[in-house]
Amino acid sequence: MVSAQDNSQFSSGGFVLSLDLELMWGVYGSHSIDSYGQNILGVRRAVPAMLDLFEAEGVAATWACVGLLMFENRDALRAALPHRRPQFSNARDDTYAFIDAVGPDEASDPYHFGLSLVREIAARPDQELATHTFAHFYCLEDQLDVPAFAADIDAAIAAFEPLNVRPRSIVFPRNQVTKDAQAVCAARGIDVYRGPGPFRMDRPGGRAQQSTLRRGLRLANSYVPLCGPAVVDVAREGDATNVPASRFLRPYSGGAMAPARLQINLIKREMAQAARQNRLFHLWFHPHNFGTHTDENLALLAEIVAFWRNLNDRFGWPSRTMAQAADAARNTAAQMPGAA
Ligand SMILES: [Zn+2]
0 MVSAQDNSQF SSGGFVLSLD LELMWGVYGS HSIDSYGQNI LGVRRAVPAM
50 LDLFEAEGVA ATWACVGLLM FENRDALRAA LPHRRPQFSN ARDDTYAFID
100 AVGPDEASDP YHFGLSLVRE IAARPDQELA THTFAHFYCL EDQLDVPAFA
150 ADIDAAIAAF EPLNVRPRSI VFPRNQVTKD AQAVCAARGI DVYRGPGPFR
200 MDRPGGRAQQ STLRRGLRLA NSYVPLCGPA VVDVAREGDA TNVPASRFLR
250 PYSGGAMAPA RLQINLIKRE MAQAARQNRL FHLWFHPHNF GTHTDENLAL
300 LAEIVAFWRN LNDRFGWPSR TMAQAADAAR NTAAQMPGAA
């Protein structure tokens, strides 16, 4: 996938794509199957189509999977639940409240089970399987219960074992990162994470900190660069490596195409800048964002991928998973004069 003529082993830049695969487990705080079920069902079409695009064009991607969706059936899921679970002051944050809603298996309940999707991702080249925690665990909604979080991450790692995958990267739900949570993950070999975007308005916080103004600013900043370009760099932070997000790809959801075009043009300008400066552009979204208006959204993604190919040809700017981006930054640091 990464062209041989580039000098990627000595550079830490690249195009990183990460996708949070969560089905209903990631949206219960704001949606129900009634209000969002069509988007979740649409994931079944969107994921294979994205994988076909990535394979055809040589794009690497990181798929951060919620552990709860990685089971054959309800019995296997129940047997894998951690004994210590978090208690949240807001009932909407308690994923376990929805366990009783789960059907017998993936065929009968495509809203909660997605092991076949994870297997399909695992079978494709250059796709990294990462964790999005076992139960879409929020680390900043309340004081973090560290033993409960450790039990969650242990369950997430165990869910990957039948696939012979040991996750190295994590995407924290709502990008809620804490030092304690990082330490739990790093102690288990999960030492790469997706940090929040580069702008003040992207700083993680609990629900209480997410004001309407802040959400409005984030929305506007998706279409016009209010705060400068979202070009970023990998950063070592203690035992962990931060591969920070640049932007969330807001899906086209009907109506006029003009806002989507504004966003794509902004993304392309920032990708070009990152490629010229050999830095990182890290785009992320959820497969369920493509669950409706799937063709239009896939076409926008294909346009971004085609633009990356052009930059790859001109600048040798590679496509990388989060783990590959972290490794490239470590290798680059090791080549620096004075490195041990
Ligand atoms: Zn999520």
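The sequence shown lines up with residues 0 to 339 when you count with numbering that gives the first Met the number 0.
Using N, Cα and C, we set each Cβ at its ideal position, and we do this for glycine too.
Where residue i sits in the DSSP three-state scheme
i	result
residue 34	helix
residue 24	helix
residue 94	helix
residue 331	helix
residue 83	coil
residue 77	helix
residue 104	strand
residue 269	helix
residue 145	helix
residue 247	strand
residue 239	strand
residue 72	strand
residue 183	helix
residue 296	helix
residue 49	helix
residue 354	Here the chain covers residues 0 to 339 and nothing more, so residue 354 does not appear.
residue 205	coil
residue 254	coil
residue 211	helix
residue 139	coil
residue 197	coil
residue 41	helix
residue 306	helix
residue 217	helix
residue 314	helix
residue 229	coil
Cβ neighbours of residue i in the same chain (closer than 6 Å, five flanking residues each side left out)
i	result
residue 41	290, 291 and 293
residue 320	59, 61 and 127
residue 248	282 and 284
residue 23	39, 110 and 111
residue 69	114, 117 and 158
residue 88	141
residue 175	137, 138, 139 and 203
residue 196	244
Same chain only: Cβ atoms within 7 Å of residue i, ignoring 5 sequence neighbours per side
i	result
residue 71	104 and 114
residue 345	Since the first residue of the chain shown is 0 and the last is 339, residue 345 is not available in this structure.
residue 325	191, 233, 240 and 242
residue 36	110
residue 272	228 and 230
residue 267	306
Cβ shell of residue i (< 8 Å), same chain only, five flanking positions each side left out
i	result
residue 341	Since the first and last residues shown for the chain are 0 and 339, residue 341 lies out of range.
residue 223	261 and 265
residue 213	200
residue 183	145, 148, 149 and 152
Paired residues, beta bridge with residue i - DSSP
i	result
residue 17	61 and 283
residue 88	Answer by DSSP bridge pairing: none, since residue 88 is not bridged.
residue 376	Nothing about residue 376 can be reported from this structure: the residues present for the chain run from 0 to 339 only.
residue 117	Partner(s): none; residue 117 has no beta bridge.
residue 319	15
residue 234	241
residue 191	168 and 240
Assess, as a yes-or-no matter, whether the segment 153-167 is touched by the segment 197-205 under the definition of 3 or more beta carbon pairs within less than 8 Å.
no
Any heavy atom of ligand 1 within less than 5 Å of residue CB: hits in chain order
19, 21, 25 and 172
Counting Cβ pairs, one atom from each stretch, are 3 or more of them under 8 Å apart for the segment 77-97 and the segment 34-53?
no
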